[in-house]
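Just so you know, the sequences run in chain order A and B.
Take 3 as the starting number for the first sequence in the numbering used here and just add one per residue.
Take 3 as the starting number for the second sequence in the numbering used here and just add one per residue.
We put the beta carbon where it would ideally sit given N, CA and C, even for glycine.
Protein chains: 2
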Amino acid sequence: MRTIGFLGLGTMGSPMAVNLCRAGHTVYGWNRSPGRTGPLLAAGGRTAASVREAVRDADVVITMLPDAPQVEEIAYGPGGVLANARPGTLLIDMSTIAPRSSMKLAGVAAERRIRVLDAPVAGGETGAIEGILSIMVGGESDDFEEARPVFEALGRTVTYCGTHGLGQTVKAANQLVLAINMQACAEAVVFLEKSGVDLEAALDVLGGGLAGSNVLARKKPNLLRRDYTPSFTMGLHHKDMGIVTDTARSIGAAIPLGAVAAQLVASAVARGEAALDHCALLRGVELLSGYDRE
Amino acid sequence: MRTIGFLGLGTMGSPMAVNLCRAGHTVYGWNRSPGRTGPLLAAGGRTAASVREAVRDADVVITMLPDAPQVEEIAYGPGGVLANARPGTLLIDMSTIAPRSSMKLAGVAAERRIRVLDAPVAGGETGAIEGILSIMVGGESDDFEEARPVFEALGRTVTYCGTHGLGQTVKAANQLVLAINMQACAEAVVFLEKSGVDLEAALDVLGGGLAGSNVLARKKPNLLRRDYTPSFTMGLHHKDMGIVTDTARSIGAAIPLGAVAAQLVASAVARGEAALDHCALLRGVELLSGYDRE
């Protein structure tokens, strides 16, 4: 069992820290804003008043933060992880950030003899609560093996993707395909409804054939009811599409559909829909088609 | 059991006509070019020397042809179906053509008291041979019910989609989503490989999560091996994307990703890849990315 400093007790981080407690690890939780420690304390975890306090006795430090600026502030600052964790500590960044931000972190941390894994997740809040996340890991394979018991308390599918940053690369590709497949569903919905087809029957036909996808199966009820209650927000997908397009540019990968999908997600955010579920891409297609079902 | 005139014994039509024979129907097969009647004769079917001979005694006429011009020639010409079939005959067009071509056919045929269903299929040659096609049907619901025994000899999933043309509309939406999802896979492959990730492991991660799709599951071996042996050709998908974009324009449905996907399919055809499988969209992304894995 490990002593784990857990930094970032948000929607994802809080249930993840709880699952680590339940698996028997000693967890020191810290969050920038107060009022997030209740579930961790109830599960037998401890709270830390500062990053320093959370990491100074830890074998493993986990960060679960919104984006690269937050990760960099908490890693690099004078009160941060690299200045206060013991040499030999394993820092697992489970935030979704750009692959090259992960590569930079690994390089800077190595100078302090702190080892780093990038380990972004998929599966959302439900996956975090149920401990069934999909975890994509980049870094040294020995470090991955050492961290395996930690990952197994958090996820069902844990995949070693290669060197530093490649966990983030696989997560980015996942978000790329997901945005495109979601937009494909949105375009099909308006195409079918404006033609006068019974939408539910038609989506069943599509779902049963080669046009079927996990996002169509999962979001069909939402698309039928125009229910945009967020399970993954447009705002977060917008952040992720920024990572996708930036990474694609830096490695020289053409993403013609990905680039258009990123624009459509950005348009939804610009129109004030950041807090809706990302299946609200359907609203953009309706807007472009002069279509209002009501 | 019915007497069926079957027009078009191509890759799809020949095994479909065979399955109708095996189900006990009397089938008169006809094909424009010779040498296609062997399997039908072996299954106990009969051959007709002309469209007229195939349809004059039929209760049901089925057309399975490449595109609207062929359907229109065989339907409307002086030696064609409408001029030679008995009043009351049910004409089932199983070709994939534009919804408005199907609507026009139904209108013209009605003047001759010939009833029409549009009933395009999905499932490819394998689905045709095994009698497990997905069939999307538009027309009068009474006619659909009358045709049900015929459809059940050909397919496993038979869906009534609504009035004339709506079977074609659902097929078009299927091809729209399929092209987009396929291109999403192609973009992810180059993005992942240029980053240095192990492609097979990464595609397994994507396939197991919300980014998973039936086309990713089915085409993964082909994408990994760059195997473009056709199961559905780029050229046929190009024809279908013409139907999709034309229909979207005519009904006023915006398809921003569909339009780009149609261009990328068109580019593949322009580059001489019409005979490859449609997963050769990957070659276009490689070209745009200056990437050659070899």
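Please check the pair A/N21 and A/A155, which I expect to be a contact at CB under 8 Å, by giving their CB distance rounded to whole angstroms.
5 Å
Whole angstroms is fine: what's the gap from A/T161's alpha carbon to B/G211's?
13 Å
Taking only the alpha-carbon atoms, compute the straight-line gap between B/H27 and B/G129 and give it to the nearest angstrom.
20 Å
At the 8 Å Cβ level, is A/P101 part of the contact set with chain B, yes or no?
yes
Buried versus exposed call for B/M66 [16 or more other C-beta atoms within 10 Å across all chains shown]
buried
Would you say A/R150 lies against chain B (beta-carbon separation less than 8 Å)?
no
Reduced DSSP secondary structure (H/G/I, E/B, other) of B/R54:
helix
Let me check one thing: in DSSP terms, what residues is A/Y162 bridge-paired to?
A/V139
Label B/D144 either buried or exposed according to how many other C-beta atoms from any shown protein chain fall within 10 Å of its C-beta, with 16 as the threshold for buried.
exposed
Going straight from the alpha carbon of A/P223 to that of A/V191, what length do you get?
12 Å
For the beta strand (DSSP E) containing B/L119, name the first residue and the last one.
117 to 120
Measuring only between beta-carbons, confirm whether B/A175 sits less than 8 Å from chain A.
yes
Secondary structure, beta strand (DSSP E): runs of 3+ residues fully inside the segment 89 to 130 of chain B
92 to 95, 117 to 120
Count the other CB atoms within 10 Å of the CB of B/R117; is the residue buried (16 or more) or exposed (fewer)?
buried
If we call anything under 8 Å between Cβ atoms a contact, is A/P101 one with A/G167?
yes
Is there contact here, the segment 135 to 144 of chain A with the segment 74 to 84 of chain A, by at least three beta-carbon pairs under 8 Å?
no
Between which residues of its own chain and B/K221 is the CB-CB distance below 6 Å, once the five residues before and five after are set aside?
C281
Using the three-state DSSP reduction, which class does B/Y30 fall into: helix, strand or coil?
strand
Is it right to say B/E132 is buried, meaning 16 or more other beta carbons lie within 10 angstroms of its own, or is it exposed?
exposed
Quick one: any contact between the segment 259 to 277 of chain B and the segment 200 to 215 of chain B, if contact means 3 or more CB pairs under 8 Å?
no
From the DSSP output, in three-state form, read off B/D294 for me.
coil
At a CB-CB cut-off below 8 Å, which residues of chain B make contact with A/C163?
V199, D200, A203, A204, V207
Spell out the partners DSSP gives B/S215 in its beta bridges.
A/S215
With distances taken Cα to Cα, identify the nearest neighbour of A/V159 among B/A203, B/R48, B/L119, B/D229.
Note on identity: in this sequence residue 159 of chain A is Thr, with Val being the wrong assignment. Answer by Cα proximity: B/A203.
Within its chain, find whatever has a CB closer than 7 Å to the CB of A/L201; leave out the 5 residues flanking it on each side and keep chain order.
V191, L194, E195, L226
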